[in-house]
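See below for the structure under consideration.
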Amino acid sequence: MATISIRDVRKSYGTTEVIHGVSLDVADGEFIVIVGPSGCGKSTLLRMVAGLERISGGTIEIGGRVVNELEPRERDIAMVFQNYALYPHMTVFDNMAYGLRIAGKTKQEIRDRVNKAAAMLQLEPYLERKPRELSGGQRQRVAMGRALVRDPAAFLFDEPLSNLDAKLRVQMRLEIKQMQRSVGTTSLYVTHDQVEAMTLADRLVVMNSGVAEQIDTPMAVYERPATRFVAGFIGSPAMNMLPGTVDRSGIALESGRILAVPEAERLETGRRVLLGVRPEHLKLAAANEATFALGVTAVETLGADTLAHGRFEDSSGDFVARLPGDAKIAAGERLPLAVETGKTHFFDADTGLRI
Amino acid sequence: MVEKRGIGMIMMHLVLIAGIAVVCFPIYMTFVGSTLTHLEIIRPPMPLLPGPHFIDNYAQALASGVNAPVGRMLFNSFVMAMGIAVGKIVISILSAYAIVYFRFPFRMLAFWAIFVTLMLPVEVRIVPTYEVAASLNLLNSYTGLILPLIASATATFLFRQFFLTVPDELLEAARVDGAGPVRFFKDILLPLSVTNIAALFVILFIYGWNQFLWPLLITTKPEMNTIVMGLKQMMPTADDYGNWPVTMAAAMLAILPPVAVVIFMQRLFVKGLVETEK
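Those protein sequences? They're chains A and B, same order as listed.
Going letter by letter, the first sequence gives residues 20 to 374 in my numbering.
Going letter by letter, the second sequence gives residues 892 to 1169 in my numbering.
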């Protein structure tokens, strides 16, 4: 167990910089999830911590020791790969025992540790099988077992659940969380799935184009997204964004229409902003209390919720409202909607930063 | 696969049987010849059924042969073929490992240099190779038979292609597990290459066994002859009439080791194919 501290870490391939100075302090035993769209550099960052990619700039410390120039094996970490990377010619037992054998542990200790991990992951009946005789979920468990037996300073997970089907993913997500809780090992977890990110993380790192846009707890990221990108990336369906200008009585949209948003009073008049409203923070209202009316173009009924898609007057983007499942809505209607108080977000139109 | 029934199936089998007969008949005749006396062979028509001299002929071939005992020549051939096959595999798997998994200056140059030698068969470089072997006192030695034939661009290339298909994550997982380059090679890469090694071994063993020109040049003493060149020398030339039964017995003995290698390695080879996960 250890802290991890990443200071202004950069990565360049040739002259192209792909990670532009990420800093992050991970407390002992903390579960950090790095989330972002593909190509944002999240895996590269993780691989630099693992020692599989060279660090172009900045420092990475694991347990107070700078590891920039250390081989992966000297960093005291264990990694779980997306495609499991199990050794196909070894049994499950040997797969888990391999690292311990290299570390020169005694036979007895290896057996004890592997059996303990196998019991934890319910892999006991499969110890003598080869990886190809296992299902996807079992292979994933073996990959986790391989990390677990090492008892490392940190676990690194590189999209470990993306090769599993949806149901298994939910189950394994819980298991990973429980496992991490019970052993209390510092963990870095990379994913592009925001549900995984939200449910697993003690703190989230939202990355975009090589920059950590926000580092905070899942709820803080959801409630106070630091940038326009984070606002759009976390939350499903994505946050609705309306470009406009701050006016004395609210937000003036491009069409000239003015939305009465009381929270806009704190902003200077005439500033160009993006108004963000999450679909779930819209509610049906009586016509005279509504902030605006939405022309519904499509309805998705999900059972628990009903999603109303619409065009917002003349603005081009899709606008979504998440309404209760029993709401009776049909395409073509005009829905009077109100924004829940205090649930609006403002972003600077030019920088995308939260105001 | 198309499943044939009735007439189709019978026809299919007839064609197969005919093909097997065409291939096997000369071998059968050689076997028949190796059980007759010299006179019976050279007086037409040659009998189609084995005669009673099996043991005599084979004993004579193994113990004394025509110029050199076949037993000795078989042993020489076996040492040479094993040496070439094992040597080629060891050298090419190591060079492929270096080329695929290590970054060093002139890596691609090294690869292309090896690859280009594919275009140069032994015969092209045989005179300078002989010169070198002779000045190193390698004539009439097993080292001389094996060493000059041991480099293999083909095998290097095959191993390189195989290594490129091994997922990078395996290497990364092994590195995280604490395996250095030697351990990764020994514990992960080598076991995964078993199928390829078995297939290559079969091909290279037969290649080594069938070498003719190089052993002919490098060996001058009869006791260093290999079986393939020995067979050629046993063939009757202009003014002698040779010893056909012994020659044919030698020919039968000469095909046994390659056949044994194919049969034995094929089992391993098929097993490997079935076990390999793709």
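C-beta atoms are modelled at their ideal positions from N, C-alpha and C, and glycine is treated no differently.
Measuring C-alpha to C-alpha distances from residue 168 of chain A to each of A/148, A/181, A/133 and A/303 identifies A/133 as the nearest.
Taking all protein chains in view, the Cβ of residue 940 of chain B is surrounded by fewer than 16 other Cβ atoms within 10 Å, so the residue is classified as exposed. In the same chain as residue 256 of chain A, and ignoring 5 residues on each side of it, the C-beta atoms closer than 6 Å to its own belong to 298 and 339, in chain order.
Around the beta carbon of residue 345 of chain A, fewer than 16 other beta carbons sit within 10 angstroms, so the residue counts as exposed.
Distance check between residue 250 of chain A and each of A/269, A/263, A/63 and A/293 places A/293 closest, using alpha-carbon atoms only. In the structure shown, residue 280 of chain A falls within a coil segment according to DSSP collapsed to helix, strand and coil. Note on residue 1028 of chain B: under 16 other CB atoms within 10 angstroms of its CB, so exposed under the neighbour-count rule.
A buried status is given to residue 51 of chain A, since no fewer than 16 other beta-carbon atoms sit within 10 Å of its beta-carbon.
Residues are counted here when their Cβ sits less than 9 Å from a Cβ of chain A; for the region 1076-1101 of chain B these are 1078, 1079, 1082, 1083 and 1085, given in chain order.
Taking the beta carbon of residue 354 of chain A as reference, no residue of chain B falls within 8 Å; the closest one sits roughly 50 Å away. When the Cα atoms are used, residue 1036 of chain B and residue 1105 of chain B turn out to be separated by approximately 7 Å. Using a Cβ-Cβ cut-off of 8 Å, residue 32 of chain A does not count as an interface residue toward chain B, since no Cβ of chain B sits closer than that to its own. Separation of the CB atoms of residue 1061 of chain B and residue 104 of chain A is rounded to 5 Å, and the pair is thereby assigned contact status at 8 Å. Under the Cβ distance rule, residue 1001 of chain B does not count among the residues neighbouring chain A, no pair being separated by less than 8 Å.
Among the CB atoms of chain A, none fall inside 8 Å of the CB of residue 1073 of chain B. About 6 Å separates the Cβ atoms of residue 151 of chain A and residue 107 of chain A, confirming a contact at the 8 Å cut-off. Contact between residue 1095 of chain B and residue 976 of chain B holds, with the beta-carbon distance rounding to 4 Å and staying under 8 Å.
Excluding five sequence positions before and after residue 100 of chain A, the CB atoms of its chain that fall closer than 7 Å to its own CB belong to 162 and 177, given in chain order. Taking the Cα of residue 262 of chain A as reference, the smallest distance to any Cα among A/54, A/277 and A/180 is reached at A/277. For residue 363 of chain A, no alpha helix (DSSP H) segment is defined; the enclosing uninterrupted segment is the beta strand (DSSP E) at 363-367. Assigned with DSSP and collapsed to three states, residue 300 of chain A falls in helix. By the rule that beta-carbons nearer than 8 Å mark a contact, residue 87 of chain A does not touch chain B. DSSP, reduced to helix, strand and coil, places residue 1106 of chain B within a helical segment of the structure shown. Chain A places a beta carbon closer than 8 Å to that of residue 1066 of chain B, counting this residue as a contact. The C-beta of residue 900 of chain B has fewer than 16 other C-beta atoms within 10 Å across all chains shown, which makes the residue exposed. Of the residues assessed, residue 308 of chain A falls on the exposed side of the cut-off, its CB having fewer than 16 other CB atoms within 10 angstroms. The straight-line gap separating the alpha-carbon atoms of residue 1113 of chain B and residue 964 of chain B is approximately 9 Å. Restricted to the region 987-1038 of chain B, the alpha helix (DSSP H) segments that are unbroken, complete and at least 4 residues in length are 998-1007, 1017-1026 and 1033-1037, listed in chain order. Residues of the region 197-214 of chain A with a C-beta atom less than 9 Å from some C-beta of chain B do not occur.
A residue is called buried when at least 16 other Cβ atoms come within 10 angstroms of its Cβ; residue 199 of chain A meets this threshold and is buried. Counted as a single uninterrupted DSSP element, the beta strand (DSSP E) harbouring residue 355 of chain A occupies residues 353-358. Going by C-alpha positions, residue 72 of chain A is about 31 Å away from residue 1087 of chain B.
A direct Cα-Cα distance of roughly 34 Å separates residue 1137 of chain B from residue 979 of chain B.
Contact between residue 991 of chain B and residue 1055 of chain B holds, since their C-beta atoms are separated by about 6 Å, short of 8 Å. Per DSSP, residue 1041 of chain B is not a residue of any alpha helix (DSSP H), being assigned neither H nor E.
Secondary structure of residue 246 of chain A (DSSP, three-state): strand.
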